[in-house]
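Notes follow the structure.
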Amino acid sequence: MGNIVSFITVFGAWASEAVRGVQEARELVEWATGRINTMLEEQRDPTDEEWEEINARTMALRDKLHSDDR
Numbered sequence: 073m074g075n076i077v078s079f080i081t082v083f084g085a086w087a088s089e090a091v092r093g094v095q096e097a098r099e100l101v102e103w104a105t106g107r108i109n110t111m112l113e114e115q116r117d118p119t120d121e122e123w124e125e126i127n128a129r130t131m132a133l134r135d136k137l138h139s140d141d142r
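Using the numbering used here, the first residue of the sequence shown is number 73, and each one after it goes up by one.
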């Protein structure tokens with residue numbers, strides 16, 4: 073029964089990180105949806121700056137996902 077506290081601690085840390093990751097992914101989806109709507113309204117393709125931003129944002133999330141840091 074003594075290991076249950078360790079189990080809860082590990083799970084709690086993971087769950088907290090998972091929630092943060094989901095929130096960050098949601099923010100990315102909302103940002104991208106806004107940009108896509110603008111592009112559709114303006115009947116245009118993404119600008120170089122928009123490509124750079126989506127690449128930077130997705131790379132940042134990918135790096136966090138694959139990081140061993142907490």
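The beta carbon of each residue, even a glycine, is placed where N, CA and C say it ideally should be.
* To do: Report yes if the C-beta distance between A97 and L133 is below 8 Å; otherwise report no.
  => Counted from its first residue, the sequence shown places residue 97 at position 25. Counted from its first residue, the sequence shown places residue 133 at position 61. In this structure, A97 lies near L133, with their beta-carbon atoms less than 8 Å apart.
* To do: Can you give me the start and stop residues for the alpha helix (DSSP H) that T81 sits inside?
  => One-based indexing of the sequence shown puts residue 81 at position 9. Here the alpha helix (DSSP H) through T81 covers N75 to E114.
* Would you tell me roughly how many angstroms separate the C-alpha atoms of I108 and E124, rounded to the nearest one? => Position 36 of the sequence shown, counted from the start, is the residue given in the question as residue 108. Position 52 of the sequence shown, counted from the start, is the residue given in the question as residue 124. So the two alpha carbons sit approximately 15 Å from each other.
* Asked: What residue range is occupied by the uninterrupted alpha helix (DSSP H) comprising T130?
  -> In the sequence shown, the residue the question calls residue 130 occupies position 58. Looking at the DSSP string, the run of the alpha helix (DSSP H) that includes T130 is D120 to H138.
* **Own chain, CB closer than 6 Å to R129, minus 5 neighbours either side, in chain order** => Residue numbering aside, residue 129 sits at position 57 when the sequence shown is read from its first letter. Short of 6 Å from the beta carbon of R129, and not among the five residues preceding or following it, lie these beta carbons of its own chain, in chain order: L100.
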